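Residue numbers (the working numbering): 6 to 216.
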């Protein structure tokens, strides 16, 4: 991408103007740098606001769309992880690795067509249909990422395991698999609890994507 390197203390920029991110020549184009006008000390806060536009590809690996199905993952700019030993760790995505990001709290508002059935990270705290639009609000605490999915044709099923509510969003042609999916998830949760500790959140959503 082409972008003009800029600093917040640039005298040519007014306070209300957005600041362009800078891409270093030869670096991965998915990594950008913003230089602050003053250091942020230990325990201090800074607010970063980013305007961005995401275009989903056809379903690929962990994100994308297929007809009316939308899997929206890895869809927003992420701040690099600040490592106390090595400084900023801005690892780029590679095919056979996971995404590296910090844990955080999320508040996300979604505005989708009214006929969409939506699943997302965290807890849905509001859901309102206004005309032909559906507006939802989700809150998630101490999670590694925020992803969401939407499809008007989902079949919704609920279950529970060890106090965890399990929500399934299934393609209609795969609805008969729901009991198998829940059984597999219960077995997986039991194994994970033995190895890593109990699941830390109240809800688990299983998404069944179209073929």
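Ideal Cβ positions, reconstructed from N, Cα and C, are used throughout, including at glycine. Remember, predicted model here, so these are calculated numbers, not experimental data.
In the structure shown, the three-state DSSP call for residue 159 is coil. Residue environment: residue 81 is assigned as exposed (fewer than 16 neighbouring CB atoms within 10 Å of its CB, all protein chains considered). For residue 37 and residue 164, the gap between their C-alpha atoms comes out near 42 Å. Cβ-Cβ distances below 7 Å link residue 74 to 156, 214 and 215 in the same chain, with the five nearest sequence neighbours on each side left out; the list follows chain order. For residue 209, the enclosing beta strand (DSSP E) covers residues 208-212. Between the segment 129-148 and the segment 108-116, the count of C-beta pairs closer than 8 Å reaches three or more; the two stretches touch.
The beta carbons of residue 128 and residue 145 sit closer together than 9 Å. By the neighbour-count criterion, in which 16 or more other beta carbons inside 10 Å mark a residue as buried, residue 153 falls on the buried side. Annotation for residue 131: the continuous beta strand (DSSP E) segment containing it runs 128-135.
Looking at the DSSP output, residue 173 bridges to 162 and 211. The alpha carbon of residue 83 has as its nearest neighbour, out of 77, 104 and 90, the alpha carbon of 104.
Annotated three-state conformation of residue 87 is strand, per DSSP. Looking at the DSSP output, residue 114 sits in a beta bridge with 142. Across the set 69, 54 and 170, the C-alpha of 69 shows the shortest separation from the C-alpha of residue 61.
Taking a contact as a CB-CB distance under 8 Å, the pair residue 111 and residue 148 counts as one, their CB atoms being some 7 Å apart. Counting only residues of its own chain and dropping the five nearest sequence neighbours on each side, residue 170 has a CB closer than 6 Å to the CB of 208.
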